[in-house]
Structures are given as structure tokens and as C-alpha cells.
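Numbered per full-length UniProt numbering, the sequence shown finishes at 157, counting up by one with no gaps. Structure first, then comments.
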Amino acid sequence: MPVLRADLDAIDIKILRELQRDGRMTNVELAERVGISAPPCLRRVRKLEEAGIIEGYHALLNGPKLGFDLVAFCMVGLRRQSDADLKSFAKRVEAWPIVREAWMVSGDSDFLLRCTAENLTVFQNFVIEVLTADEHVDTVRTMLTIRQVKQLGLVEV
């Protein structure tokens, strides 16, 4: 049975906040930060993992230091919005490494893609040779980013 926010107490919320800030801390350090001893802290973390509230732990990489200097967003409109076409396009997106996040959206577009590339030429080649060439794609609007001004965990708890 899924855990709902109503089932989380103040300690669970503190655990989620702390892990979202620093997922590498030890259980002992986490327990100290949330004000409980280590064994119950570990039990709570495991319960949150088993409930699917904590989906995983990831390293946050610095793209520019790894040679990925460009971040862009693509708003993609499909020719048709049938369930089969939406699913087929979503499946294709999974195979494109330049696309780091993809969202099916409502409004003027059908998908919003966050792309990371080494440079403008690599991104342009992807847009022209892959994205706009896809049989499902009708329109593509791109937005190049200037700089990131905020980056937080995915949700506020």
C-alpha cells in the first residue's frame, strides 16, 4: 500500500529534506541532523525507499566541467496526438542521449525536452537530423539557456 504525505510525520519530512540536500551523508549523520538515533533512522529511510518515496540516489554532475556547455529546451508538437503516436514518440526519446529529461505536456506543444550538448553545433545537428526528421514531429521550438539561476531538489517537503 502506498505511503501518502499524510502518513509521513515530521521526522520523515526532515529525513527527506536532508537527503534531498545531501544523499551521500552517512546514516549516523542523517540521524543527528533529524534528531533521532541511527537504528530508527535507518528503518525510516528503508521504509521510505520501499514505499517508492525515495526512488534512488544520484550524483549531480557539473556539465560544463565535463565538456557539456549547452543546455536547451525543445518544445515539440506532434502531427497527431493519438495514444499510439504519443507512446511511440516517447519511446524514441528514450534512445536519444542528448535528451536528459522529457515531459509530455499540455498546451501548444506535446513534449518538453531538456537537452544537454557539447556545443551549439552538436545541438543543431540533433534538432535538424534527428528531432525534426522524426516521422511523428510536426513542430519544434528551441530555447537556448543563458545560465541556471536556481537548482533545488525535485519537490519541496
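All C-beta atoms, glycine included, are put in the ideal place defined by N, C-alpha and C. Everything numeric in this text was worked out from a predicted model, so none of it was measured.
Where does residue i land, buried or exposed, given buried means 16+ other C-beta within 10 angstroms?
i    : result
V137 : buried
D7   : exposed
L61  : exposed
V10  : Per the sequence presented here, residue 10 reads as Ala, with Val not at that position. When all chains shown are included, A10 counts as exposed.
K87  : exposed
Going by the CB atoms, is the gap between residue j and residue i shorter than 8 Å?
i   : j    : result
A90 : M75  : no
A72 : T139 : no
F68 : T116 : yes
I13 : V157 : yes
I15 : L42  : no
L19 : I53  : no
Straight-line CA distance for residue i to residue j?
i    : j    : result
V34  : D110 : 42 Å
P39  : F123 : 48 Å
N125 : Q151 : 28 Å
L66  : N119 : 12 Å
W96  : L70  : 16 Å
R80  : L30  : 49 Å
V149 : R114 : 16 Å
G78  : E94  : Residue 78 is actually Leu in this sequence, not Gly. Spanning the two alpha carbons is a distance of roughly 16 Å.
R46  : T145 : 38 Å
What residue range does the beta strand (DSSP E) around residue i cover?
i    : result
V140 : V137 to L144
What is the residue span of the alpha helix (DSSP H) that residue i lies within?
i    : result
L152 : Here L152 belongs to no alpha helix (DSSP H), and DSSP marks it neither H nor E.
E18  : A10 to R21
A31  : N27 to V34
Next on the checklist: Which runs of the alpha helix (DSSP H) at least 4 residues long sit entirely within the region 43-122? Give them in chain order.
Outcome noted: Runs of alpha helix (DSSP H) with 4 or more residues, each lying fully within the region 43-122, are found at 83-94, listed in chain order.
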